[in-house]
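By my numbering, the letter at position 43 of the sequence shown is numbered 123, and the numbering carries on one by one without gaps.
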Amino acid sequence: MAVSRTPFLAGNWKMNLDHLQAVAFVQKLHWSLRDAAHEDGSVEVGIFPPFTDLRSVQTLIDADRIPFSFGAQDVSEHDAGAYTGEVSAQFLAKLQVGYVIVGHSERRQYHNETDEVVGRKVQAALRHGVVPVICVGETAEDLEEHGASAVPAAQLVRALEDVAADADIVVAYEPVWAIGSGQAATPQQAQEVCAALRGVVAEALGPVTAERTRILYGGSVKAGNIAGFMREPDVDGALVGGASIVVDEFSAIVRYQKHVGV
Ligand code: 13P
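So, in structure tokens, the structure goes:
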């Protein structure tokens, strides 16, 4: 019997919105969804603010019982020690941070994060019960040279080495050429790669975990194209960048089931 996976609409704020702006944003998004009679629980709404916002966001979500998940954008591979500037999964867990983005292409590109580093960060998150959102994706050159699935599949194989079969993970397929470019993949392209990635999860962690693991698409997702992705059987949500820090746009993305009549 097919397992139903709760759609996950996740906003990666990147380096945008300070903690005061974050509090205002979360309140406005909550009101926007309320005003639109959005049914809580029909999808999971996740926000990924900068580290300095996390405590404020956690306090607000907790106090007002706002039904959003929240996560960090990076984590140290170490638990504690002389690692100036790093933030441990242990600290995130203490803040009730549920998720952490690991291996985003901007970190691979600007911070030289290799597949090995990504693998160790995945382990660090899992050690402390924080669900890693493992990002993989090919560049335009990779696409031309190897096709769409080869590079993201190889990245995921490396990230899942030594991960327990029953681990809770989320995978995000983010073609580098689609990020911030306004040129999203087609739903068919996203489906093809997400299906291949589910195959990688099945191979590494077994079919049961593969069936329940959510695989997201990311790269120029907007209110106008989200529904097409969500119709695909192996696309279980989206990791949204630019459109996730615009209240009305992200609110419409979360409500994709309503406004396009899927
Ligand atoms: P954009 O939605 O701005 O293309 O960014 C996608 C992304 O990198 C999310 O992690």
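All C-beta atoms in this analysis are idealised placements derived from N, C-alpha and C, irrespective of residue type, glycine included.
Please give me, in chain order, every unbroken run of the alpha helix (DSSP H) with length at least 4 that falls completely inside the segment 238-313. If we require 4 residues or more, the alpha helix (DSSP H) runs fully inside the segment 238-313 come out as 267-285, 287-292 and 306-310.
What residues in its chain sit with their C-beta under 7 Å from that of His99, if we drop five residues either side in the sequence? Counted from its first residue, the sequence shown places residue 99 at position 19. Taken in chain order, the residues that qualify are Thr132, Asp133 and Ser136.
One question on the structure: do Val211 and Glu157 come within less than 8 Å of each other, judged by their Cβ atoms? For this step, residue 211 is matched to residue 131 along the sequence shown. For this step, residue 157 is matched to residue 77 along the sequence shown. No, Cβ-Cβ distance for Val211 and Glu157 is not below 8 Å.
Keeping to the same chain, check which residues put their C-beta closer than 6 Å to that of Val251; ignore five residues upstream and five downstream. As a first step, residue 251 must be located in the sequence shown, where it is residue number 171. Hits under 6 Å: Ile214, Leu277 and Ile295.
Report the rounded CA-to-CA distance for Leu223 versus Tyr190, giving the unit in angstroms. Translated into the one-based positions of the sequence shown, residue 223 becomes position 143. Translated into the one-based positions of the sequence shown, residue 190 becomes position 110. Using only the alpha carbons, I get a separation of about 20 Å.
Where DSSP assigns a beta bridge to Tyr179, which residues make up the other side? Translated into positions along the sequence shown, residue 179 becomes position 99. Answer by DSSP bridge pairing, in chain order: Gly151 and Val211.
Candidates Gln176, Gly317, His208 and Trp93: closest to Gln170 by CA position: Position 90 of the sequence shown holds residue 170. Measuring from the Cα of Gln170, the nearest candidate turns out to be His208.
Close Cβ partners of Ala303 (< 6 Å) along its chain, the five nearest in sequence each way excluded: The residue labelled residue 303 in the question sits at position 223 within the sequence shown. So the qualifying residues of the chain are Glu329, Ala332 and Ile333.
To which residues of the same chain is Ala264 closer than 6 Å at the C-beta, ignoring the five residues directly before and after it? Taking the sequence shown and counting its residues from 1, the one referred to as residue 264 is at position 184. Within the same chain, Ala264 has close Cβ partners Ala258, Gly299, Ser300 and Asn305.
Out of curiosity, what's the CA-to-CA distance linking Asn92 and Ala323? Within the sequence shown, the letter at position 12 stands for residue 92. Within the sequence shown, the letter at position 243 stands for residue 323. Taking the straight line from one Cα to the other gives about 9 Å.
Beta-carbon within less than 8 Å of Val167's beta-carbon, same chain only, minus the 5 sequence neighbours each way: which residues are those? To locate residue 167, count along the sequence shown from 1; it is residue 87. Once the five neighbours on either side are set aside, the close Cβ partners of Val167 are Phe131, Ala152, Asp154, Val155 and Ser156.
Taking DSSP as the reference, what is the three-state secondary structure of Leu140? On the sequence shown, position 60 is the one that residue 140 refers to. Annotated three-state conformation of Leu140 is helix, per DSSP.
My assumption, with CB atoms under 8 Å, is that Lys94 sits in contact with Gly308. Please give the rounded CB distance. If you number the sequence shown from 1, residue 94 lands on position 14. If you number the sequence shown from 1, residue 308 lands on position 228. Going by Cβ atoms, the distance from Lys94 to Gly308 rounds to 24 Å, so no, they are not a contact pair.
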